[in-house]
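Here's the structure we're looking at; comments come further down.
What follows is the structure in structure tokens.
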């Protein structure tokens, strides 16, 4: 299948974004940029009030399976991309936490990732080019539609993960991969004591194993996901490749532990495990310190069964999810983050707690803070794009 | 041009920082630094300065900042876009003496290196731990990690492993103003804008990397190298498309056409390629040993189905190294054909390979020139090379006309103008083919944050007229005026 339309003209939905930004700048009414709206309750102190929805900017613009690239409008849901590419035995290897209706544009704008980042990297590694409208209503194209490109300064990387504060992404070209010939997932029972965890992760690091994802889940999360681990932590291993390679990796897992088949749909369930009202933070440090990072995140979560912790062990990142229905839980998370000797990034918090979390590096008087502010003022001079979402930039 | 009195004073100041032998000022000494890997361009810098330590680098940059003097950072000078050339009042800052591999962390698979560390020396140092540095430009025995960061360099194995951008986790950068900033985070996730991503590939226009933290990659358990030979370049292109579409991700798929094969085979790098073939594919598969045989068999079958005469699997490491050496030294081998060589670096969608290669052949026939194609077929990154004699004005004109026609054909096929060599000076004129005025202006805005005076590698990457706010940068404006009247 080849879907193709000319990319030279500006599509109506891009023109609408352009108009909305121009009007917002004229009226000094900041915009709040929305994709599927899944993250709007994350509590960020965005001062933008006028919604700018990308919900109508949907559809696949170009897909040539032989090129393993796809161009789609920003509002296209990830599950639609998954459906279309699966018909060609391909996929976009990005599985951000949240509902599958999350849009391509929001995934890129927020640089959101999931377990597959272990093997396939983050949006910055998978996005080839963008169309975006800057805060002064200029339509710009970055990168291109081919898999390798160093022409010009890299606005693709700059806009990816900029939370809509520099430009509103209206279209993106992404790299696809072939779906593995064989795929299967296993759960390994894990002893969470730092020594045992360290020993297991060290063995995994040197083993002839190339998993697609390697995600440690806390006992409560394992049980929520239906993993038969008997209320202890589990390591979910997603294997993919040809028959021979998957078979040998499966055998290898048997030498490390007693793997049980992971429940069907476990990765989807993991992506959507967040309760409706949650506080979420990611703790990260070098992977060699994973056991330490894991216990910091586990301690932050407390003993409540309403809290989940999972970690991308190859990347050294633990994600802690607390239900804010439990009083004091979110405060506990913020306090634990302050004590952690690594990096903490918050995803969701009650609005009143955000001011306590801002890291100096992003907004302070440091060189990078100054560069960030300089970039912000040049790409959104009227301060109309999601102001406040990254703090006082 | 800096007045000679000022130049002498500056040279003396810089000698105070880097020592007597760390500054070159005589025209004969500067000759080496007046071109890079693309010998068709020549620009003579005012001075060349070579810091031995990061502290000397900082003092050098700050000295130049205090005087408002432009500079061009240079690694090994192997670049293929005339990106490391300086002229007029600009000073070359040579980083090749800052070549220390500061530390290797085998557990987290990270290395911290100085910018002048040679690419292959990092892989050698990492090999003690069963690790390597994945991006492997053909110039890897000479090119530096700092230069790789500036150009976002690729290499044959980037098909599977990604380019420099995907392997750098943090940088310490000295901005043109002399301020030092840390970009990225080697100890966890990064927060805020991806300034690291913006810096990588900025071709020396945003500042100088003082140290680089890179990710190391585990050596694969198994490696198989295949050589498939074809009687037409289209067949080779179809085999490439079939392999990509099959879902196998080879570490590399490299193509060489007939003229390249014969140039290599006639040189000291003769690799045993069949000299009568019109194309060969050098395909490397790596990864887990289990399942490897099945992938090798599938690749062999796909090549044969696309019309390969033979597919041969290298029997041992020596044969594998020989096959690769022919590929990596192909540029050098072309030096035998004619005194001058122009190299292109366009990338096209992979399904367009057969069409575009046919078009390139037609253009070459029409202009009566010889094109040698040696390139990264797996990611559609073409390197049409044209050998010629620049003393022959008519031939030069035909070559340059052909280059422009080839570039247009690649862009019309949905491609881009450079996949790994960078824009530099060489591809400036093509930037408007792929970017609108607004898009180019947006790139200028980003540059202006890092280098408001536009003193770092001036005149490269984005054509000057594209920058709408050009008049707001007084130092740069003065320089443009000087260039206009030079």
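Residue numbers (the working numbering), protein chains in the order written: chain Z, 1 to 393; chain B, 394 to 879.
In this text, a Cβ means the ideal position worked out from N, Cα and C, and glycines have one as well.
In this text the structure is predicted, and so the values were computed from the model without any measurement.
CB of residue i within 8 Å of CB of residue j, strictly
i              : j              : result
residue 308(Z) : residue 214(Z) : no
residue 509(B) : residue 541(B) : no
residue 632(B) : residue 716(B) : no
residue 735(B) : residue 433(B) : yes
residue 172(Z) : residue 104(Z) : yes
residue 603(B) : residue 629(B) : no
residue 281(Z) : residue 810(B) : no
residue 160(Z) : residue 574(B) : no
residue 167(Z) : residue 133(Z) : yes
residue 209(Z) : residue 313(Z) : no
residue 189(Z) : residue 262(Z) : no
residue 279(Z) : residue 330(Z) : yes
residue 485(B) : residue 553(B) : no
residue 567(B) : residue 454(B) : yes
residue 153(Z) : residue 595(B) : yes
residue 56(Z)  : residue 37(Z)  : no
residue 293(Z) : residue 285(Z) : yes
residue 138(Z) : residue 466(B) : no
residue 841(B) : residue 378(Z) : yes
residue 726(B) : residue 66(Z)  : no
residue 636(B) : residue 695(B) : yes
Partner residues on chain B for residue i, Cβ-Cβ distance less than 8 Å
i              : result
residue 309(Z) : In chain order: nothing, as chain B lies at least about 16 Å away.
residue 147(Z) : 740, 743, 772 and 773
residue 295(Z) : In chain order: nothing, as chain B lies at least about 16 Å away.
Listed by chain order, chain Z residues near residue i by CB distance under 7 Å
i              : result
residue 811(B) : 150 and 151
residue 545(B) : 150
residue 836(B) : 152, 153 and 155
residue 634(B) : 66
Partners in chain B for residue i, counting only beta-carbon separations shorter than 7 Å
i              : result
residue 162(Z) : 586
residue 67(Z)  : 742, 743 and 744
residue 241(Z) : 684
residue 285(Z) : 580 and 581
Inter-residue CB distance, residue i and residue j (contact presumed, cutoff 8 Å)
i              : j              : result
residue 60(Z)  : residue 68(Z)  : At roughly 14 Å, the Cβ-Cβ gap does not stay under 8 Å, so residue 60(Z) and residue 68(Z) are not in contact.
residue 548(B) : residue 529(B) : 4 Å
residue 141(Z) : residue 859(B) : Rounded, the Cβ-Cβ distance is 14 Å, inconsistent with contact.
residue 609(B) : residue 524(B) : 4 Å
residue 675(B) : residue 618(B) : 7 Å
Under 9 Å by beta carbon: chain Z residues contacting residue i
i              : result
residue 575(B) : 361, 366, 367 and 368
residue 828(B) : 140, 141, 142, 151 and 152
residue 637(B) : 66, 67, 68 and 178
residue 907(B) : For chain B, the structure presents residues 394 to 879; residue 907(B) sits outside this window and is missing.
residue 824(B) : 151 and 152
residue 593(B) : 154 and 157
residue 556(B) : 148 and 150
Contact set between residue i and chain B, taken where Cβ atoms lie within less than 9 Å
i              : result
residue 343(Z) : 578, 580, 581, 582, 583 and 584
residue 125(Z) : 555, 558 and 559
Proximal chain Z residues relative to residue i, where beta-carbon distance stays under 8 Å
i              : result
residue 843(B) : 371
residue 688(B) : 242
residue 614(B) : 208
Taking the runs of the alpha helix (DSSP H) that are 4 residues or longer, which of them lie wholly in the stretch 809 to 837 of chain B?
-> For the stretch 809 to 837 of chain B, whole alpha helix (DSSP H) runs of length 4 or above, ordered along the chain, are 824 to 827.
Are there three or more Cβ pairs, one per stretch, closer than 8 Å when the stretch 342 to 356 of chain Z is compared with the stretch 315 to 331 of chain Z?
-> In this structure the stretch 342 to 356 of chain Z lies against the stretch 315 to 331 of chain Z, because at least three pairs of beta carbons, one per stretch, are closer than 8 Å.
Taking 8 Å as the threshold, find out whether the stretch 653 to 673 of chain B comes into contact with the stretch 576 to 593 of chain B through three or more Cβ pairs.
-> With contact defined as three or more Cβ pairs closer than 8 Å, the stretch 653 to 673 of chain B and the stretch 576 to 593 of chain B are not in contact.
Residue ranges of each alpha helix (DSSP H) run of no fewer than 4 residues wholly in the stretch 681 to 722 of chain B, ordered along the chain?
-> Taking only runs of at least 4 residues, the alpha helix (DSSP H) segments lying wholly in the stretch 681 to 722 of chain B are 685 to 698 and 710 to 721.
Please confirm if the stretch 467 to 479 of chain B is in contact with the stretch 815 to 824 of chain B, defined as three or more CB-CB distances below 8 Å between the two stretches.
-> As far as the Cβ criterion goes, the stretch 467 to 479 of chain B touches the stretch 815 to 824 of chain B, which means the pair count is three or higher.
Counting Cβ pairs closer than 8 Å, one from the stretch 664 to 681 of chain B and one from the stretch 621 to 639 of chain B, do we hit at least three?
-> Touching, yes.
Runs of alpha helix (DSSP H) wholly within the stretch 186 to 249 of chain Z (minimum 4 residues, chain order) = If we require 4 residues or more, the alpha helix (DSSP H) runs fully inside the stretch 186 to 249 of chain Z come out as 194 to 206 and 219 to 224.
Within the stretch 726 to 779 of chain B, note down every full beta strand (DSSP E) run reaching 3 residues or more, in order along the chain.
-> Taken in chain order, the complete beta strand (DSSP E) segments of 3 or more residues contained in the stretch 726 to 779 of chain B are 733 to 736 and 764 to 769.
Quick one: which unbroken alpha helix (DSSP H) runs of 4-plus residues sit fully inside the stretch 490 to 545 of chain B? Chain order, please.
-> Runs found: 512 to 519 and 538 to 544.
If we count Cβ pairs, one from each stretch, closer than 8 Å, do we get three or more for the stretch 677 to 691 of chain B versus the stretch 736 to 748 of chain B?
-> Short answer: they don't touch.
What are the complete alpha helix (DSSP H) segments, minimum 4 residues, inside the stretch 575 to 616 of chain B?
-> DSSP runs (the alpha helix (DSSP H)) wholly in the stretch 575 to 616 of chain B: 588 to 592.
Could you tell me whether the stretch 128 to 145 of chain Z touches the stretch 156 to 173 of chain Z, using the rule of 3 or more Cβ pairs below 8 Å?
-> Counting Cβ pairs under 8 Å, three or more are found: they touch.
Return the chain-ordered ranges of every beta strand (DSSP E) run that is complete within the stretch 64 to 136 of chain Z and spans a minimum of 3 residues.
-> Within the stretch 64 to 136 of chain Z, the complete beta strand (DSSP E) segments of 3 residues or longer fall at 69 to 73 and 127 to 134, listed in chain order.
Cβ contact (3+ pairs, closer than 8 Å) linking the stretch 143 to 157 of chain Z and the stretch 89 to 101 of chain Z = Output reads no: the stretch 89 to 101 of chain Z does not touch the stretch 143 to 157 of chain Z.
Could you pull out every unbroken beta strand (DSSP E) segment of at least 3 residues lying fully inside the stretch 394 to 449 of chain B, listed in chain order?
-> DSSP runs (the beta strand (DSSP E)) wholly in the stretch 394 to 449 of chain B: 440 to 442.
If you pair each beta-carbon of the stretch 720 to 735 of chain B with each one of the stretch 780 to 799 of chain B, do three or more pairs fall below 8 Å?
-> Touching, yes, given that three or more Cβ pairs across the two stretches are closer than 8 Å.
Kindly provide the ranges of any beta strand (DSSP E) runs that are 3 or more residues long and lie completely inside the stretch 16 to 55 of chain Z, ordered along the chain.
-> Listed in chain order, the complete beta strand (DSSP E) runs (minimum 3 residues) inside the stretch 16 to 55 of chain Z are 31 to 34 and 50 to 53.
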